[in-house]
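Right, one structure below, let's go through it.
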Amino acid sequence: MSAEDLEQYETEMELQLYREYRDIVGQFAYVVETERRFYLCNAVDVQVRNSDGDMYFEVRMSDAWVWDMYRPARFVKNVRVVTFKDVNVEELDKPDLRLPEGETFG
């Protein structure tokens, strides 16, 4: 496989992964970003740990999707990540669950 073929394959895989992400993102409540991977999940727990003066993060997620084009099974029931780097957790906005401006229950 030439370098050009490999580059084209990676580009196609990234596009396929993006399309999958776009189609499923609405099914998840959180986005979690670590130094190695990007996750979508419905439950997340981040614990700060300390071992011999070294601080690290233990991140547990359930009902998750893993952003990794080289991983054939991206949907996982539980994920545990241990990292010495920052962890970013964001709650996803659910605009389709909001009432339109001015609407009330009646």
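Following this note's numbering, the numbering of the sequence shown begins with 478 at its first residue and continues without gaps. Quick reminder that beta carbons are idealized off the backbone N, C-alpha and C, glycines included. No experiment lies behind these values; they were computed from the predicted model shown.
So, with DSSP's three-state summary, where would you put residue i?
i: residue 523; result: strand
i: residue 532; result: strand
i: residue 478; result: coil
What separation, rounded to the nearest whole angstrom, lies between the Cα atoms of residue i and residue j?
i: residue 501; j: residue 533; result: 30 Å
i: residue 527; j: residue 567; result: 24 Å
i: residue 479; j: residue 530; result: 47 Å
i: residue 555; j: residue 539; result: 4 Å
i: residue 493; j: residue 482; result: 16 Å
i: residue 574; j: residue 490; result: Because the pLDDT at residue 574 is just 47, under 50, the model does not fix this residue reliably, and the value given afterwards should be weighed accordingly. Looking at the two C-alpha atoms, the distance is approximately 32 Å.
Kindly identify the DSSP beta-bridge partner or partners of residue i.
i: residue 543; result: 516
Is it right to say residue i is buried, meaning 16 or more other beta carbons lie within 10 angstroms of its own, or is it exposed?
i: residue 561; result: exposed
i: residue 536; result: buried
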